[in-house]
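S.K.:
Encoded structure:
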């Protein structure tokens, strides 16, 4: 499921979840499929995972959430989808950076505007 999410294979992710794949199983760094989709800019996969109950505000080891990851990388549509599904934009990583400050750090003006 993680690999399907990372590579934008929404239809494969859907089939895997429907056939019992654990939606929260992390890979070795602690990243969930939702985090992978946010990192690689796959909003269609994010929609599938959220439809099936993925934890929208789950934090990786450094405290970053899927919204934080998408914000830092400038993935505007992913940020939009996560916000529409109730992602908490106030959750900071271990350094105290929120998705808003992560978007500034990443030089992502379009994401910054959306978060404001």
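Residue numbers (the UniProt record's numbering): 1 to 116.
Glycine residues also receive a C-beta, built at the ideal position from the N, C-alpha and C atoms.
Go ahead and pull the three-state DSSP assignment for residue 35.
M.R.: helix
S.K.: Measure how close the beta-carbons of residue 37 and residue 5 come, nearest whole angstrom, since I'm counting them as under 8 Å.
M.R.: Taking a contact as a CB-CB distance under 8 Å, the pair residue 37 and residue 5 counts as one, their CB atoms being some 4 Å apart.
S.K.: Under a three-way DSSP split, which group does residue 4 fall into?
M.R.: The answer is helix: DSSP assigns residue 4 an H, G or I state.
S.K.: In chain order, what residues of the same chain lie with their CB nearer than 6 Å to the CB of residue 108, ignoring the 5 residues before and after it?
M.R.: Counting only residues of its own chain and dropping the five nearest sequence neighbours on each side, residue 108 has a CB closer than 6 Å to the CB of 74.
S.K.: For residue 170, which of 28, 116, 19, 112 has the nearest alpha-carbon?
M.R.: The structure shown does not extend to residue 170, since the chain is modelled only from 1 to 116, so the question has no answer here.
S.K.: Is the beta carbon of residue 83 less than 8 Å from the beta carbon of residue 110?
M.R.: no
S.K.: Go ahead and label residue 18 buried or exposed: buried means 16 or more other beta carbons lie within 10 angstroms of its beta carbon, across all protein chains shown.
M.R.: The residue is exposed, with fewer than 16 neighbouring Cβ atoms inside 10 Å.
S.K.: Nearest to residue 79 by CA position, among 62, 96, 56, 63, is which residue?
M.R.: 56
S.K.: Count the other CB atoms, across all protein chains shown, that sit within 10 Å of the CB of residue 93; report buried if there are 16 or more and exposed otherwise.
M.R.: With 16 or more other Cβ atoms within 10 Å, it is buried.
S.K.: I need the boundaries of the alpha helix (DSSP H) containing residue 15, first residue and last residue.
M.R.: Unbroken alpha helix (DSSP H) run through residue 15: 10-18.
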